[in-house]
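Residue numbers (this note's numbering), protein chains in the order written: chain W, 1 to 168; chain L, 1001 to 1277.
For glycine and all other residues, C-beta sits at the position ideal for the given N, C-alpha and C.
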């Protein structure tokens, strides 16, 4: 059941991101919905399960997007490495800390994407619109990202019928 | 021989180097090394299902519950139609004249394009890139590099093809480039995506006459888009003293926010007079 939940949720998020959100101009500058899910996987799953899962997600996103191939793979991998490292020293039961994780992760993703486009992209890539887009994504993240992550954690707890060790 | 810390540092450096090399390769030329097809084939059927459901629901809403404004819209459309009929008549006269002149000059009849109609089933998951997935693929005769158009103008180019689905890079994507001309003055330049539903028209020399409102069309020199296809209208123009080129912004004729159906040109138009020259 747990694996069905992980696979189903990731597929659902990808589909929502690529189809449903596209119909609402309000969500034009929405952040990557998989970011809270990736953080959730890093927190809740052991290394041998979370890493392959995250890499597969990165691969799917790279395939569906027009980004340079490997960009999402690299972003998710470094998120994994950095969050794993952070969670060695910090307890992740604090909701404020979880919120900061989501906001930080969205910021890191955007910095890596703009960095890649600026360094490797053709011509003038960094524009005021980029700043606007990052700001918009961060605002969406502040208001919805932590809630989304907490919802995932709650569902996960209920599925397991016991509090997660990392979260206790 | 090496401490654990040293191995970690070396591993980190190697990983970062590999990342940079990978990104530098894939940034210069779009490629998924064939892996992309697998993921598209897996996810696209679900995207298609959801997209059709959303459109069905929206269709019910628009056709049955949203009829209040239709009456006013109908009156406006009738007015527009009358104007269009008048214009159409003028175009028809011009077309007849054009045909007569072509016959006089013994131009070959241009080869009719074979087009495939496709439906947009998904958009790019990232706000930074402008690609869409369409519900036609290899089995429908599509291949990488084919131009994708709309009745209003050029939409993009096929960049990845699986059996039943394809990925299309829109002309507003940062990696897109179209060789183009200003229709009125024939000034040449490159249309590049600016990723905000607008394009930049680069390398247009300042010695040429370009004005706001000019129509920009494909030149056909890039070997992808047939010559003469409309791209957009010059919406902003500036010139710096030190630069030999204009800084031009072009607003595409295609509304990419409402992109639902597109046409893929399977056999790009053979220019009628190319062989004669």
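Does residue i pass the burial test, meaning 16 or more other C-beta atoms within 10 Å, or should it be called exposed?
| i | result |
| --- | --- |
| residue 1213/L | exposed |
| residue 1259/L | buried |
| residue 1092/L | exposed |
| residue 111/W | exposed |
| residue 1044/L | buried |
| residue 145/W | buried |
| residue 1099/L | exposed |
| residue 1218/L | buried |
| residue 109/W | buried |
| residue 1107/L | Only weak support is given to the placement of residue 1107/L: the predicted model assigns it a pLDDT of 41, under 50, and the value that follows is read from those uncertain coordinates. With fewer than 16 Cβ atoms within 10 Å of its Cβ, residue 1107/L is classed as exposed. |
| residue 1056/L | exposed |
| residue 1007/L | exposed |
| residue 1061/L | exposed |
| residue 1111/L | Note that residue 1111/L scores 41 on pLDDT, short of 50, meaning its location in the model is unreliable and no value can be drawn from it. |
| residue 1073/L | exposed |
| residue 42/W | buried |
| residue 1127/L | buried |
| residue 127/W | exposed |
| residue 155/W | exposed |
| residue 1151/L | exposed |
What residue range is occupied by the uninterrupted beta strand (DSSP E) comprising residue i?
| i | result |
| --- | --- |
| residue 1263/L | 1261–1265 |
| residue 22/W | Counting along the chain, residue 22/W falls outside any beta strand (DSSP E), and DSSP gives it neither H nor E. |
| residue 1236/L | 1230–1238 |
| residue 1210/L | Taken as a continuous stretch (DSSP letters only), residue 1210/L belongs to no beta strand (DSSP E), as it is neither H nor E. |
| residue 130/W | Here residue 130/W belongs to no beta strand (DSSP E); instead the alpha helix (DSSP H) covers 128–160. |
| residue 944/L | No answer is possible for residue 944/L: the residues shown for chain L start at 1001 and end at 1277. |
| residue 1156/L | 1153–1161 |
| residue 49/W | Unbroken run through residue 49/W is the alpha helix (DSSP H), 47–64; no beta strand (DSSP E). |
| residue 1123/L | 1115–1123 |
Check for me: the alpha helix (DSSP H) holding residue i runs from which residue to which?
| i | result |
| --- | --- |
| residue 8/W | 2–15 |
| residue 1202/L | Careful: residue 1202/L lies outside any alpha helix (DSSP H), inside the beta strand (DSSP E) at 1199–1202. |
| residue 104/W | 95–120 |
| residue 1205/L | First-last for residue 1205/L: undefined, no H or E at that position. |
| residue 1036/L | 1035–1060 |
| residue 38/W | 34–44 |
Whose C-alpha, out of the options, is nearest the C-alpha of residue i?
| i | options | result |
| --- | --- | --- |
| residue 1116/L | 1093/L, 1123/L, 1142/L, 1091/L | 1142/L |
| residue 1239/L | 1262/L, 1205/L, 1058/L | 1205/L |
| residue 86/W | 72/W, 104/W, 74/W | 104/W |
| residue 143/W | 130/W, 55/W, 100/W | 100/W |
| residue 69/W | 1019/L, 1099/L, 1085/L | 1019/L |
| residue 1147/L | 1057/L, 1185/L, 1266/L | 1266/L |
| residue 23/W | 1264/L, 1047/L, 1167/L | 1047/L |
| residue 1160/L | 1261/L, 1041/L, 1179/L | 1041/L |
| residue 1053/L | 65/W, 16/W, 61/W | 16/W |
| residue 32/W | 140/W, 150/W, 94/W | 140/W |
| residue 1131/L | 1170/L, 1178/L, 1094/L | 1170/L |
| residue 117/W | 106/W, 107/W, 130/W | 130/W |
| residue 1175/L | 1013/L, 1016/L, 1208/L, 1027/L | 1027/L |
Classify residue i as helix, strand or coil using the three-state DSSP reduction.
| i | result |
| --- | --- |
| residue 1243/L | coil |
| residue 1194/L | coil |
| residue 1148/L | strand |
| residue 1079/L | helix |
| residue 1186/L | coil |
| residue 1135/L | coil |
| residue 1220/L | coil |
| residue 1084/L | helix |
| residue 1067/L | coil |
| residue 1130/L | coil |
| residue 92/W | coil |
| residue 1142/L | coil |
| residue 81/W | helix |
| residue 1254/L | coil |
Are the C-beta atoms of residue i and some chain L residue less than 8 Å apart?
| i | result |
| --- | --- |
| residue 47/W | no |
| residue 135/W | no |
| residue 74/W | yes |
| residue 60/W | yes |
| residue 15/W | yes |
| residue 20/W | yes |
| residue 29/W | yes |
I'd like to know whether the C-beta of residue i is nearer than 8 Å to at least one C-beta of chain W.
| i | result |
| --- | --- |
| residue 1151/L | no |
| residue 1130/L | yes |
| residue 1238/L | no |
| residue 1051/L | yes |
| residue 1026/L | yes |
| residue 1290/L | This structure cannot speak to residue 1290/L, because chain L is shown only from 1001 to 1277. |
| residue 1089/L | no |
| residue 1169/L | yes |
| residue 1250/L | no |
| residue 1188/L | no |
| residue 1224/L | no |
| residue 1203/L | no |
| residue 1108/L | Any reading at residue 1108/L is ruled out, since the residue's pLDDT is 42, under 50, leaving its predicted position unreliable. |
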